[in-house]
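Taking it in order: structure first as C-alpha cells, then the write-up.
There are 2 protein chains.
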Amino acid sequence: MIDKFSVIPLYYQLAKLLKNQIRTGELKPGEALPSETELAEKFEISRMTVRKAIGELIAQGMVYPIQGKGTFVSKPKLDNVVFELDSYNWQLNERGLDWKTKLLDAKIIRSNPELKRKFDLQDDNTPFLYFSTVLLVEGEPLVYEKKYTIYTKSSPILETEIKDPSLPGLVSAHGVEPMAAKKVIQVSLATEAEGEVLNIPPESPVFLLEQTILNAEMRPVGWSKAVYRGDRYQLTAFDGWYDENEV
Amino acid sequence: MIDKFSVIPLYYQLAKLLKNQIRTGELKPGEALPSETELAEKFEISRMTVRKAIGELIAQGMVYPIQGKGTFVSKPKLDNVVFELDSYNWQLNERGLDWKTKLLDAKIIRSNPELKRKFDLQDDNTPFLYFSTVLLVEGEPLVYEKKYTIYTKSSPILETEIKDPSLPGLVSAHGVEPMAAKKVIQVSLATEAEGEVLNIPPESPVFLLEQTILNAEMRPVGWSKAVYRGDRYQLTAFDGWYDENEV
DNA sequence: TAGTGGTCTAGACCACCGG
DNA sequence: CGGTGGTCTAGACCACTAA
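First to last, the sequence lines map onto chains E and R. Per the numbering used here, residue 49 is the first one in the first sequence, and the count goes up by one each step. Per the numbering used here, residue 49 is the first one in the second sequence, and the count goes up by one each step.
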C-alpha cells in the first residue's frame, strides 16, 4: 500500500491513503482511525511520520484527535459559510481581459461626523485623502468605490498613489503599513448617482462592500465603501471532502 | 526568551515569539527568518521542534519556505476575499435567542426543467421531495427557503426530516451521505410572495443563496434557494496578522 | 562546496482516558 | 493500569540554492 522507495514522501502517501478510506466510506464519520502506533507498525514507518500524515488530515478538518482516546473521523460540515467574491477581479489578469481603474476624483477633505466615527477619532481637523474610482472591464463600469485615508504627509498627491488604487495600496503609499482588514458586505439599492456611474437603473440591487484597513496597533487608517453591480458579481463557496488533486 | 521548564510547549513559545517579531516589524516582509539550525542552537532546542514552530507560521500564511534558500516573511495579503455569513444563525444557540423553523409546505413533486438542469438529470419522472420553510427569530421572519431533494425512498415524509430542516440534514435523512456543498450568493429584489413571507415590502434588496449538495460521486443530490432579508444579514471578513489570543 | 529546508528514524517522557 | 495522542530529542540523508 505504501512504497518506501518512491520519490513521493511517505507521510504524503499515508495521508492520501487515509483520505481515500474516509472518502470511500471505509472509515465512517465517528469511527476511530487506527492508533498512531498501529499505523507505524503496519506500514513499518516511524510514528513521527504517521503523525505528520495525520496532521494533514487534521488541518483539513477530516479528522480530530482526542488525547487519551484516539483520532476520529469528522462529519463533513457543509454548513460552513466561507465565501469568495467571485468577480472578474481575480481573473482579470489571468483571463487577459481589458480592464482599468478610472479615477473620478481625488482631493483632500476635512473630517466629517461619519469619517470621525469610522476612524475612531477625537479631533475634528484631521485631513483625509479622498479618492473615488470606477473599475471598467471591457469598457463596462462594474465597481464604484470611494476611499478615504488619513492624510499624514503634507506632500502633494503622487502618481504612485493613483497607480495602485486598492485601498491597502493607498494606505501603504502613505507610509503606513496595513496589517489587517475588515470587510462587510451588505445588499442595497443603487442611488441615482451610483446608477449613473455604473450605468444601471437607480434602485437596482447591488453589493455594498465596506472596508476598513487597520495598522499594527489595530487602529483604522483607511476606509472605503464600494458599490458592486449586482448583475455582474456573486459570491461562491465550495465545502467538503474532496481530493484537491482530482478536482 | 524561552522557558524550557514551562508547561507551555516549546514550539508554541517559539511560534509566538516569532509571530511577535513579525507583527512588531522586527522581522519585515521579504526578510528571512534565522535558519532552522540557528534557531535550534540559539534556543537550545532540537531542529524538529523549531520546524514545528515554523510550521505554525506557514499554516497561518505569515511566512513561506523556499528550499535551499530560507524561510521568508510574507506581506499581509489583505485582498483576501473570504467572507462569513454573519447572521443570527450562528449565534442563535449561543445567544439563547428564541428561534424556530416554520414549515410552510412539504410535498412530493415531479421533475421540471429547472430541477432537471440543477440535478443534471436525463429522465423526466424523477420524484422530488419539496420543502419550504421560514426561519423565525424572536417571531420575526428572516429567511425563506425552498429545498429540493431526490426522493428515493417510497416511505412517507418522516418527522425526523422536519426536525433537521437544513439541506444537508434533509439529504442525509434520505440515506444519502452529503460530501460536498456548493453555494452561490447573489443580490436580488424580493418578489411579492417573498416579501409577504418575510414581512418586507416587495422590491426590497435581499441576499439570494443557492445551494447544491453533492454526494461522494460529486453528483447533485440536493438543491435549495434561500432568500435572506437584506436588512438583517451581512457578510463579514477579517484578514491580517493578529494574535488570536489578543483579539 | 556550504548552507538551506524536506524527510525520516528510534527512541523518550508526558497528560489524558478508560476499565 | 495499559493505550492513546502530545511533545521533544539527536541524530541522519536528501534536494535544492548560491557562491
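All C-beta atoms in this analysis are idealised placements derived from N, C-alpha and C, irrespective of residue type, glycine included. Source: prediction; values computed, not measured.
Mapping the DSSP letters down to three states, classify P161/R as helix, strand or coil. helix
Taking all protein chains shown into account, do 16 or more other C-beta atoms lie within 10 angstroms of the C-beta of V191/R, making it buried, or fewer, making it exposed? buried
Residues that Y290/E bridges to, as DSSP identifies them: The partner list for Y290/E (beta bridge, DSSP) is empty, contrary to what the question assumes.
Could you tell me the boundaries of the beta strand (DSSP E) in which R277/R lies? 268-277
To the nearest angstrom, how far is it from the Cα of E265/E to the Cα of N68/R? 13 Å
Quickly, what does DSSP pair D153/R with across the bridge? List them, please. S180/R
Should S214/R and D279/E be called a contact, given that it needs their Cβ atoms to be closer than 9 Å? no
Apart from the five residues just before and just after A88/E, which ones in its own chain have a Cβ nearer than 8 Å to its Cβ? S94, R95, T97, V98
Span separating the alpha-carbon of G243/R from that of G78/E: 42 Å
Using 9 Å as the limit for Cβ to Cβ distance, is S94/E near chain R? no
Tell me the rounded alpha-carbon separation between E240/E and P250/E. 5 Å
Quick one: list the residues of chain R neighbouring M227/E, beta-carbon separation under 9 Å, in chain order. R71, P124, L126, G288, W289, Y290
Tell me where the beta strand (DSSP E) around V191/R begins and ends. 188-198
Please report the straight-line C-alpha distance between V295/E and G288/E, rounded to a whole angstrom. The predicted position of V295/E is uncertain, since its pLDDT is 43 and thus under 50; no value can be drawn from it.
Taking the continuous alpha helix (DSSP H) assigned at I106/E, which residues delimit it? 95-107
Where V295/R falls: helix, strand or coil (DSSP): Any reading at V295/R is ruled out, since the residue's pLDDT is 44, under 50, leaving its predicted position unreliable.
Interface flag, T297/R vs chain E, CB-CB below 9 Å: With chain R covering 49 to 295 only, the question about residue 297/R has no answer from this structure.
Does chain R have any CB closer than 9 Å to the CB of K166/E? no
Can a CB atom of chain E be found closer than 9 Å to the CB of D58/R? Strictly speaking, residue 58/R in this sequence is Leu, with Asp absent from that position. Answer no: the Cβ-Cβ gap between L58/R and chain E never drops below 9 Å.
Determine the burial state of L262/E: buried for a count of at least 16 other Cβ atoms within 10 Å of its Cβ, exposed for fewer. buried
Going along chain E in order, which residues have a C-beta closer than 8 Å to the C-beta of Q170/R? None at all; the shortest Cβ gap to chain E is about 23 Å.
Rounded to the nearest angstrom, what separates K64/R and A107/E at their Cα positions? 19 Å
Counting only Cβ pairs nearer than 7 Å, list the residues of chain E close to K52/R. Going along chain E, no residue has its Cβ under 7 Å from K52/R, so there is no contact; the nearest lies around 21 Å.
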